[in-house]
Amino acid sequence: MLYREAGQFKTTYAADQAVFPIAQDRWFIAIWIILGFVVVPVFANEYFLRAILIPFVIMALAALGLNLLVGYCGQLSLGTGGFMAVGAYAAYNFCLRIPELNPILAFLLAGGCATLVGILFGIPSLRIKGFYLAVATLASQFFLEWLFNRVQWFTNYTPSGSISAPPVTLFSLSFETPTRKYFLCLVILVIFAVVAKNLVRGRTGRAWMATRDMDVAAEIIGIRPMYAKLSAFAVSSFFVGVAGALWAFVHLGSWEPAAFDINRSFSILFMIIIGGLGSIAGAFLGAAFITTLPLILNQAPQWFGFTLSTAMISHLEFMIFGALILFFLIVEPLGLARLWRIGKEKLRLWPFPH
Amino acid sequence: MTCTALALASAVCATAPATANEQFIPVLVYRSGPYAPNGIHWANGFVDYLNLINDRDGGINGVKIAYEECETGYATDRGVECYERLKGKGVTGAAVFNPLSTGITYALTEKAPVDKIPIITMGYGRSESADGRVFPWNFPLLGTYWTAADILIQHLAKLSGGAEHLRGKKITLVYHDSPYGKEPIPLLQERARRHGYTLITIPVTHPGVEQKAAWLQVRQQQPDYVLLWGWGVMNSTAIKEAAAVNFPREKMFGVWWAGAEPDVLPAGAGAKGYNAIALQHSAEKAAVHQDILKHIHDKGKGAGKKEDVGNVLYNRGLINALLVVESIRTAQGKYGKKPLRGEEVRWGIENLNLDQARIKQAGFYSILQPIKVSCNDHEGVRHARIHQWDGAKWNFVSGWMEGDNGILRPMVESAAAKYAKEKNITPGCLKS
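Structure representation (structure tokens):
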């Protein structure tokens, strides 16, 4: 009865339309926010912040973006890495060409560039669907990677094609320490999550979901598929572009196009599939699963006192990781978010299962 | 330390720092992934030498080495994770990082000055980091890619009968399409301006198994020489493709990361006559190998197979470990015989001075040239030879050549100055 709604009366429209109409959900979110903003920075050490939390937060942002496109609008995309690269290189060039520009503004402008590129590569979605669209977006991945490798203007003519980000400062506050970096990413993630949540429960999100579920029917009831699909590509690319800029500026500091290769696209796609398509919480759960599990598998033998060779650990990591993905998809094809939802339903009846 | 009365002493054992006199050295390796066939040998050589120092000498001046491997899979983000995981280990934290990947080197270049841990990039990394006044924490010891390219062009000039005969010749660079592969291009262009040869660059995408189009281009253009800047499976594929389009392997010259057994063996007979620049050493055995076989492999503690001791990449790992150990030894001369912090080891690398006598004493005679590092010159030495695969083993086909600092130094300084300007660094030597 932990999730009992009985007695929670809504007397205004505002209360009825709240993001989290049930009090327990609100507490739950509040606990997570406190955990993320207060508990973690106090207790986490540098390794935990730099190697686990920051990548997780940035990947959660990218997964959130891709989930809007794939999960909510049903447009399968394999070009996430490329759009992240657009964000990273655009932010670098904004900072380079306009030195007095605030980096946060540069990230947003970079998101804008990714939006334009996303819309451009979203145009085929008006004609093709499903796996065929995946192949079309795959082309964008390869094209963008090739572009940043080839056109030297993007990398400011560095001989090697690898560039390093200028330090991120905001109102003379420099984001050098891991805690500050983590806060920067977390604040951006929370803002974007709120935006995403509100988008998907509003008109735009309904149009996306209608298009996803049956585009012909959606068109008949007055939803413009062109607008719905392209807006999904635009918003998704914006999120992904900002995530790419953060990945490059905050996490890596220095990068080459290979940092945004096809593996990046796949891993983000796996995040939302494992986490749960069409669910905001799913993006977080999936990002946590995919970013931390390999690290845990890699270090687990040491924790338990086994001495295995590095190669052995690494191969075991691949095998167990793959097996776990298969296991999850067989046991719960709708992802971790669905497990969470089932858990909530059970808690609603607990301790009296019917 | 010994704990006799186990039950009673367990509390004492737990509190007494068992690692008090240990120097921690992180070992970033890749024993899996597309580049594993090359990475494994390097890693084996590296850890075998560390074990040898512990077993034979009881550590560096009595300071035992503790090391831990971390698998990067050649991926930059995993490399960064390994760096974060290992940098704080041991009593003093990590002494020095050897990233073994150009991508990871670039990422760590930003982090090293903050954490005060030096990075040794032996034979790779960013070429302009040879200027220690702008890159105090980077050490591209034994040579950069620009040095390699410079020596290769010198060799080609010699083959053509003098630098003036390079005019009008066509030289093609087949390269891995990443910062690693692009690194030599500025030097090759500079040399092309001076000597008047035509430089054609053909990129090959990672990991490099698809090269049909590249070699068709080579066949069309009929270059006089092909330079190969590949790594892992790309090298053997290139040699096979060269055989397929009938480009003479005698006119192919690989960089030192394209001149080891895993590169030529898969190509079989097609690899006969293929050349590569050697990073000082080839597949040779010196006194140190006898010690490794005696103290490590005969006791069953070897990292790899006994037959692999002394192959090209194994030797590279070995020399890399030697440079790390000798740097720590040098630093101990100043700071005392105890575990040292990263910034102290950095001083040791910057003041590293291995003369022929010391190299002989360490057992590396004939596979290493004297090296002297300074703040101005983080490369230390610029010597290399060319070796050729005769179908069964590597043979040297040239004497020692030295990178031309008249060409290299101005390029290093101008690229480093550009970096300093971008990052607001005032060039200067760090005070110890």
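Read top to bottom, the protein sequences are chains A and B. For the first sequence, the working numbering begins at 211 and goes up steadily by one. For the second sequence, the working numbering begins at 42 and goes up steadily by one. A virtual CB, placed ideally from N, CA and C, is assigned to each residue, including glycine. None of these values were measured; they are calculated from a predicted model.
Exercise. Count the other CB atoms, across all protein chains shown, that sit within 10 Å of the CB of V229 (chain A); report buried if there are 16 or more and exposed otherwise.
Key: Locating residue 229 (chain A) in the first sequence gives position 19, counting from the first residue. By the 10 Å Cβ count, V229 (chain A) comes out exposed.
Self-check item: A320 (chain A), DSSP secondary structure in three states
Solution: Stepping through the first sequence from its first residue, residue 320 (chain A) is reached at position 110. Correct three-state label for A320 (chain A): helix.
Self-check item: Backbone CA spacing between G532 (chain A) and R119 (chain B) [nearest angstrom]
Solution: Position 322 of the first sequence holds residue 532 (chain A). Position 78 of the second sequence holds residue 119 (chain B). Taking the straight line joining both Cα atoms gives about 18 angstroms.
Quiz item: Going straight from the alpha carbon of A55 (chain B) to that of N62 (chain B), what length do you get?
Solution: The residue you call residue 55 (chain B) lines up with position 14 of the second sequence. The residue you call residue 62 (chain B) lines up with position 21 of the second sequence. Because the pLDDT at A55 (chain B) is just 37, under 50, the model does not fix this residue reliably, and the point stays unresolved.
Practice problem: Under 7 angstroms Cβ to Cβ from A48 (chain B), same chain only, skipping five residues before and after it: list those, please. | Solution: For the purposes of this step, residue 48 (chain B) is taken as the residue at position 7 of the second sequence. Its pLDDT being 34, under 50, A48 (chain B) is placed unreliably by the model, and the measurement read from it follows with that caveat. The answer is none, since no qualifying residue turns up.
Quiz item: Any idea what DSSP makes of K472 (chain B), helix, strand or coil?
Solution: Working through the second sequence from its first residue, we reach residue 472 (chain B) at position 431. Coil, per DSSP.
Quiz item: Leaving out the 5 sequence neighbours to the left and right, which residues in its chain are closer than 8 angstroms to Y90 (chain B) when beta-carbon positions are compared?
Solution: By one-based count along the second sequence, residue 90 (chain B) stands at place 49. For Y90 (chain B), where only same-chain residues beyond five positions count, the Cβ hits under 8 angstroms are V329, I333, G358, L359, A362, L363 and V366.
Quiz item: Measuring CB to CB, does L393 (chain B) end up less than 9 angstroms from G421 (chain B)?
Solution: Start at 1 with the first residue of the second sequence, and residue 393 (chain B) comes out as number 352. Start at 1 with the first residue of the second sequence, and residue 421 (chain B) comes out as number 380. In contact: L393 (chain B) and G421 (chain B) (Cβ atoms closer than 9 angstroms).
Quiz item: With 16 as the cutoff for other CB atoms within 10 Å, does P543 (chain A) come out buried or exposed?
Solution: Against the first sequence, residue 543 (chain A) aligns to sequence position 333. Result: exposed.
Quiz item: In chain order, what residues of the same chain have a beta carbon less than 6 angstroms from the beta carbon of G345 (chain B), not counting five sequence neighbours either side?
Solution: As a position in the second sequence, residue 345 (chain B) is number 304, starting the count at 1. Result list for G345 (chain B): N85, in chain order.
Quiz item: beta strand (DSSP E) containing T213 (chain B): first to last residue?
Solution: In the second sequence, residue 213 (chain B) corresponds to position 172, counting from 1. Segment K211 to H217, the beta strand (DSSP E) holding T213 (chain B).
Exercise. Quick one: give me the first and last residue of the alpha helix (DSSP H) that Y266 (chain B) is part of.
Key: Locating residue 266 (chain B) in the second sequence gives position 225, counting from the first residue. Per DSSP, Y266 (chain B) belongs to no alpha helix (DSSP H); it is in the beta strand (DSSP E), Y266 to W270.
Quiz item: Using a Cβ cut-off of 7 angstroms, which residues of the region 233-250 of chain B contact any Cβ in chain A, in chain order?
Solution: H247
Quiz item: By how many angstroms is the C-alpha of F476 (chain A) removed from the C-alpha of A216 (chain A)?
Solution: By one-based count along the first sequence, residue 216 (chain A) stands at place 6. By one-based count along the first sequence, residue 476 (chain A) stands at place 266. So the two alpha carbons sit approximately 43 angstroms from each other.
Quiz item: Using a C-beta to C-beta distance shorter than 7 angstroms, which residues of chain B count as neighbours of R260 (chain A)?
Solution: Stepping through the first sequence from its first residue, residue 260 (chain A) is reached at position 50. Going along chain B in sequence order, the residues near R260 (chain A) (Cβ under 7 angstroms) are E125.
Self-check item: Sequence-distant residues of its chain with Cβ nearer than 7 angstroms to I552 (chain A) (five each side left out)
Solution: Residue numbering aside, residue 552 (chain A) sits at position 342 when the first sequence is read from its first letter. Cβ neighbours of I552 (chain A) beyond the five flanking positions: none.
Quiz item: What are the partner residues of E514 (chain A), as DSSP defines its beta bridges?
Solution: Along the first sequence, read from residue 1 onward, the residue named residue 514 (chain A) stands at position 304. It is Phe, not Glu, that sits at residue 514 (chain A) in the sequence shown. Bridge partners of F514 (chain A): none, in fact.
Exercise. Please decide whether N473 (chain A) counts as near chain B, where near means a Cβ-Cβ distance under 9 angstroms.
Key: Taking the first residue of the first sequence as position 1, residue 473 (chain A) is located at position 263. Yes, N473 (chain A) lies at the interface with chain B (some Cβ there is under 9 angstroms from its Cβ).
Exercise. Using the Cα positions of A317 (chain B) and G351 (chain B), report the straight-line distance between them to the nearest angstrom.
Key: For the purposes of this step, residue 317 (chain B) is taken as the residue at position 276 of the second sequence. For the purposes of this step, residue 351 (chain B) is taken as the residue at position 310 of the second sequence. Approximately 17 angstroms, taken between the alpha carbons.
Quiz item: Taking only beta-carbon atoms, is A457 (chain B) less than 9 angstroms away from chain A?
Solution: Against the second sequence, residue 457 (chain B) aligns to sequence position 416. By this cut-off, A457 (chain B) is not an interface position.
Quiz item: Can the beta-carbon of V137 (chain B) be found less than 9 angstroms from the beta-carbon of G383 (chain B)?
Solution: Counting from one through the second sequence, the residue named residue 137 (chain B) turns up at place 96. Counting from one through the second sequence, the residue named residue 383 (chain B) turns up at place 342. Taking 9 angstroms as the Cβ cut-off, V137 (chain B) and G383 (chain B) qualify as a contacting pair.
Quiz item: C470 (chain B): buried (16+ other C-beta within 10 angstroms of its C-beta) or exposed?
Solution: Translated into the one-based positions of the second sequence, residue 470 (chain B) becomes position 429. Answer is exposed; the Cβ neighbour count stays below 16.
Quiz prompt | Nearest-angstrom Cβ-Cβ length linking I497 (chain A) and A273 (chain A), presumed shorter than 8 angstroms | solution = For the purposes of this step, residue 497 (chain A) is identified with residue 287 of the first sequence, where counting begins at 1. For the purposes of this step, residue 273 (chain A) is identified with residue 63 of the first sequence, where counting begins at 1. Per the sequence shown, residue 497 (chain A) should be read as Ala rather than Ile. Confirmed, Cβ separation roughly 5 angstroms.
Quiz prompt | Sufficient close CB pairs (3 or more, under 8 angstroms) joining the region 238-253 of chain B to the region 211-220 of chain B | solution = yes
Self-check item: Exposed unless 16 or more other CB atoms sit within 10 angstroms - verdict on N139 (chain B)
Solution: Counted from its first residue, the second sequence places residue 139 (chain B) at position 98. Buried: at least 16 other Cβ atoms inside 10 Å.
Quiz item: Along the chain, where does the alpha helix (DSSP H) that runs through G389 (chain B) open and close?
Solution: On the second sequence, position 348 is the one that residue 389 (chain B) refers to. Unbroken alpha helix (DSSP H) run through G389 (chain B): G383 to E391.
Quiz item: Which first and last residues belong to the beta strand (DSSP E) in which C111 (chain B) is found?
Solution: Taking the second sequence and counting its residues from 1, one reaches residue 111 (chain B) at position 70. Segment K105 to E112, the beta strand (DSSP E) holding C111 (chain B).
Exercise. Out of B:L409, B:W272 and B:I192, point me to the one whose CA is closest to A327 (chain B)'s CA.
Key: The residue you call residue 327 (chain B) lines up with position 286 of the second sequence. Per the Cα distances, B:L409.
Self-check item: Nearest candidate by alpha-carbon position, reference K157 (chain B), set B:R232, B:V386 and B:Q402
Solution: The residue you call residue 157 (chain B) lines up with position 116 of the second sequence. K157 (chain B) has its Cα closest to that of B:V386, out of B:R232, B:V386 and B:Q402.
Quiz item: Going along the chain, which unbroken runs of the alpha helix (DSSP H) with 4 or more residues stay wholly within the region 234-278 of chain A?
Solution: 250-253 and 264-276
Practice problem: Return the residue from the list B:E463, B:L395, B:T117 and B:P468 that minimises the CA-CA distance to L306 (chain A). | Solution: Along the first sequence, read from residue 1 onward, the residue named residue 306 (chain A) stands at position 96. Checked all of B:E463, B:L395, B:T117 and B:P468; the closest Cα to L306 (chain A) is B:E463.
Exercise. With DSSP collapsed to three states, give me the class of I523 (chain A).
Key: Indexing the first sequence from 1 puts residue 523 (chain A) at position 313. Note: I523 (chain A) maps to helix in three-state DSSP.
Quiz prompt | From B:M275, B:V175, B:P307 and B:A310, residue whose alpha carbon lies closest to that of G295 (chain B) | solution = The residue you call residue 295 (chain B) lines up with position 254 of the second sequence. It is B:M275.
Quiz item: Counting contacts by CB-CB distance shorter than 9 angstroms, is A255 (chain B) in contact with chain A?
Solution: For the purposes of this step, residue 255 (chain B) is taken as residue 214 along the second sequence, with counting starting at 1. Answer no: the Cβ-Cβ gap between A255 (chain B) and chain A never drops below 9 angstroms.
Quiz item: Using the C-alpha atoms, what's the distance from A224 (chain A) back to T325 (chain A)?
Solution: If you number the first sequence from 1, residue 325 (chain A) lands on position 115. If you number the first sequence from 1, residue 224 (chain A) lands on position 14. So the alpha carbons of these two residues sit roughly 32 angstroms apart.
Exercise. Note down, in chain order, each residue of its chain lying with its Cβ closer than 8 angstroms to the Cβ of Y367 (chain A), except the 5 sequence neighbours on either side.
Key: In the first sequence, residue 367 (chain A) corresponds to position 157, counting from 1. Cβ neighbours of Y367 (chain A) beyond the five flanking positions: none.
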